[in-house]
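J.: Okay, so the sequence shown: first residue is 1 according to the working numbering, each after it adds one. Just so you know, even glycine gets a beta-carbon here, dropped at the ideal spot from N, CA and C. Structure incoming, see below.
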Amino acid sequence: MRRLIITALAAMLLLSAAGGIASAQDDSSSLKELINRIDASISSLRKGDTTGAASLISSAQTIYTENFGTRLAEKDNELDNRIRTAFQGLSSVTAENQIQLFRLRSDLLAGAEKLGVGLSPFYSLSMFVILCISIIVSLLVTLGGRRMINWRLVREARAKLAEFQQEYREA
């Protein structure tokens, strides 16, 4: 039991240390902020907040222009033009623009990949990281429940409760 807990804690420490190293890069943090703004604008659109989504998209466009625009134009002008056109097409944000935002997000990630900038694996594979953490926690809770709960007393209490319920029904 202790070995399992120690192993789980060591794995979590290694995961957080690796995530800290990956997020220390300037371009990676700019890309993370850019993708976070796009994701937040998608979330705002789902909630019906078009003004909040518009401000998030304009700030994302600023981040893109300042950090990635010119370098991507040198490497892949077509992709850069597609991204800039997508940002311009999203100047008037409506609830139907979610699909365009998802395309823009994938184009931004493709452009960053061409520039050699990537997200931390914990960010890009966050669903699997959350799944692994939840499995580890559920395993620890299950094993802790087996060790810490006196099941004999639980069975006795259930038997007494069933007996009391039976007497109550008969009365």
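Using the beta-carbon count (16 or more within 10 Å), is Phe68 buried or exposed?
T.: For the purposes of this step, residue 68 is taken as the residue at position 68 of the sequence shown. Buried: at least 16 other Cβ atoms inside 10 Å.
J.: The alpha helix (DSSP H) with Glu74 in it runs from where to where?
T.: Taking the first residue of the sequence shown as position 1, residue 74 is located at position 74. Run containing Glu74: Thr70 to Lys75, per the alpha helix (DSSP H) assignment.
J.: Run through DSSP, which three-state label would Ser92 get?
T.: Stepping through the sequence shown from its first residue, residue 92 is reached at position 92. Correct three-state label for Ser92: coil.
J.: Hey, could you find the ends of the alpha helix (DSSP H) Asp124 is sitting in?
T.: Against the sequence shown, residue 124 aligns to sequence position 124. Per the sequence presented here, residue 124 reads as Ser, with Asp not at that position. Residues Pro121 to Ser124.
J.: Quick check: the Cα distance between Ser126 and Leu139, rounded to an integer number of angstroms?
T.: Start at 1 with the first residue of the sequence shown, and residue 126 comes out as number 126. Start at 1 with the first residue of the sequence shown, and residue 139 comes out as number 139. Cα-Cα distance, rounded: 20 angstroms.
J.: Rounded to a whole number of angstroms, what is the C-alpha to C-alpha distance between Ala196 and Met148?
T.: Because the chain is modelled from 1 through 171, residue 196 falls outside the range shown and cannot be assessed.
J.: Please report the straight-line C-alpha distance between Ile38 and Leu143, rounded to a whole angstrom.
T.: Your numbering for residue 38 matches position 38 in the sequence shown. Your numbering for residue 143 matches position 143 in the sequence shown. So the two alpha carbons sit approximately 41 angstroms from each other.
J.: Suppose you measure from the CA of Leu56 to the CA of Gly48; what does that come to, to the nearest Å?
T.: Within the sequence shown, numbered from 1, the residue matching residue 56 stands at position 56. Within the sequence shown, numbered from 1, the residue matching residue 48 stands at position 48. Their backbone Cα atoms lie some 14 angstroms apart in a straight line.
J.: I'd like to check one pair, Leu108 with Ile35: are the Cβ atoms closer than 8 angstroms?
T.: On the sequence shown, residue 35 is found 35 positions in, with the first residue counted as 1. On the sequence shown, residue 108 is found 108 positions in, with the first residue counted as 1. For Ile35 and Leu108, yes; Cβs fall inside 8 angstroms.
J.: Phe87: buried (16+ other C-beta within 10 angstroms of its C-beta) or exposed?
T.: Taking the sequence shown and counting its residues from 1, the one referred to as residue 87 is at position 87. The residue is buried, with at least 16 neighbouring Cβ atoms inside 10 Å.
J.: Would you mind sorting Gln61 into buried or exposed? The rule is 16 or more other CB atoms within 10 Å of its CB.
T.: Within the sequence shown, numbered from 1, the residue matching residue 61 stands at position 61. So Gln61 ends up on the buried side.
J.: Whose CA, out of Arg169, Glu167 and Ala95, lies closest to the CA of Thr50?
T.: Counting from one through the sequence shown, the residue named residue 50 turns up at place 50. Measuring from the Cα of Thr50, the nearest candidate turns out to be Ala95.
J.: Taking only the alpha-carbon atoms, compute the straight-line gap between Ala53 and Ala110 and give it to the nearest angstrom.
T.: Against the sequence shown, residue 53 aligns to sequence position 53. Against the sequence shown, residue 110 aligns to sequence position 110. Cα to Cα, Ala53 sits roughly 22 angstroms from Ala110.
J.: Round the Cβ separation of Ser28 and Val117 to the nearest angstrom and send it over; I've been treating them as touching at under 8 angstroms.
T.: Within the sequence shown, the letter at position 28 stands for residue 28. Within the sequence shown, the letter at position 117 stands for residue 117. With 8 angstroms as the limit, Ser28 and Val117 qualify as a contact, their Cβ atoms being about 6 angstroms apart.
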